[in-house]
Amino acid sequence: MSEGISPTAMRTLNPSEQTPQETYKLLVGSVVPRPIAFVSSMDAQGVRNLAPFSFFTVASANPPIVCFCPMVRGANNNNLQSTKDTLRNIIATREFVVNIVSEEFAAQMNACSADLPPDVDEFEVSGLTPLDSELVRPPRVAESYIQMECRLEQIVHVSTESLGGSLVLGEILRFHVREALLDNFRIDPDKLHAIGRMAGSTYARTTDRFEMERPK
Ligand SMILES: Cc1cc2nc3c(=O)[nH]c(=O)nc-3n(C[C@H](O)[C@H](O)[C@H](O)COP(=O)(O)O)c2cc1C
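According to numbering that gives the first Met the number 0, the sequence shown is numbered sequentially starting from 0.
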């Protein structure tokens, strides 16, 4: 809190009077912490791709649907296409794997977020290990304790503007869960070590938790 500002003072901000970058900063600082979908996909020629997405959540448990949002890449971003490889691959092949990110391989996950041309295989860049999936062509990340094989359910193209994005919904066909984490379908968070994304280069751990029963 800045000196001299009343703790209850509010500022009202109008997105239509801000730059998209300013609005982006408000969003990623407000919607925290965000879980991270580490998405493996493949293009039609079989080139592998791996990238993290923190605009990620569950849309339905019956059927099991997860969703995440590849944004439109801004202009002059290393001369790469505005459509991210992940989205282009999923439009072409309708398959992907969501790998849950644990602190143990956070640095390798981060390496996969570099702006790389479509022909670069992020498994090779990061040193992470591809593991064959059962039902889809994109491989899983062996280092991840929870991997979800997904088939595209639908894509909502929300905005094609710079910093706009698409909502990708995928049905989970298979969960693969490290045996040591699993107890009667419950996942042990102390073993998962999941991390979340805050704004900028800040991350959150899931080790500081508290309990609260829901009202009956
Ligand atoms: C932790 C983390 C979360 C990210 N979340 C998103 C996201 O939700 N949407 C997005 O478009 N980019 C996100 N990015 C950036 C992408 O990972 C990055 O643009 C990547 O190069 C896209 O790869 P692709 O072109 O191979 O699909 C994130 C990066 C990091 C490190």
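Heads up, the beta-carbon is just placed ideally off N, CA and C, and yes, glycines get one too. None of these values were measured; they are calculated from a predicted model.
Compute the distance between the beta-carbons of I89 and S40, then report whether it is under 7 Å.
Position 90 of the sequence shown, counting from 1, holds the residue named residue 89. Position 41 of the sequence shown, counting from 1, holds the residue named residue 40. In this structure, S40 lies closer than 7 Å to I89 by Cβ.
Using three-state DSSP, classify D42 as helix, strand or coil.
In the sequence shown, residue 42 corresponds to position 43, counting from 1. Coil, per DSSP.
Please return the same chain residues whose Cβ sits closer than 8 Å to the Cβ of A91, not counting the five positions on each side in sequence.
On the sequence shown, position 92 is the one that residue 91 refers to. Around A91: D42, A43.
Is the CB-CB distance between D131 and P138 below 7 Å?
To locate residue 131, count along the sequence shown from 1; it is residue 132. To locate residue 138, count along the sequence shown from 1; it is residue 139. Between D131 and P138, the C-beta gap is smaller than 7 Å, which places the two residues in contact.
Neighbourhood of A203 by C-beta distance below 8 Å, restricted to the same chain and skipping five residues each side:
As a working mapping, residue 203 is identified with position 204 in the sequence shown. Its chain contains V31, P32, I194, G195, R196, M197 as the residues whose beta carbon lies nearer than 8 Å to that of A203, once the 5 sequence neighbours on both sides are disregarded; these appear in chain order.
Cβ-heavy atom distance, N109 to ligand 1, below 6 Å
For this step, residue 109 is matched to residue 110 along the sequence shown. Indeed, a heavy atom of ligand 1 lies less than 6 Å from the Cβ.
In three-state terms, what does DSSP make of D182?
The count along the sequence shown starts at 1 and reaches residue 182 at position 183. If DSSP states are grouped into helix, strand and coil, D182 belongs with the strands.
According to the Cβ coordinates, are L162 and Y23 closer than 7 Å?
Start at 1 with the first residue of the sequence shown, and residue 162 comes out as number 163. Start at 1 with the first residue of the sequence shown, and residue 23 comes out as number 24. A contact, by the Cβ cut-off of 7 Å.
Which two residues bound the contiguous beta strand (DSSP E) that contains A91?
Position 92 of the sequence shown, counted from the first residue, corresponds to residue 91. For A91, no beta strand (DSSP E) segment is defined; the enclosing uninterrupted segment is the alpha helix (DSSP H) at 84-92.
Per DSSP, which one or two residues make a beta bridge with M70?
Taking the first residue of the sequence shown as position 1, residue 70 is located at position 71. Per DSSP, G164.
In whole angstroms, what is the alpha-carbon distance linking I186 and H192?
Mapped onto the sequence shown, residue 186 falls at position 187. Mapped onto the sequence shown, residue 192 falls at position 193. Pairing I186 with H192, the inter-Cα distance amounts to about 11 Å.
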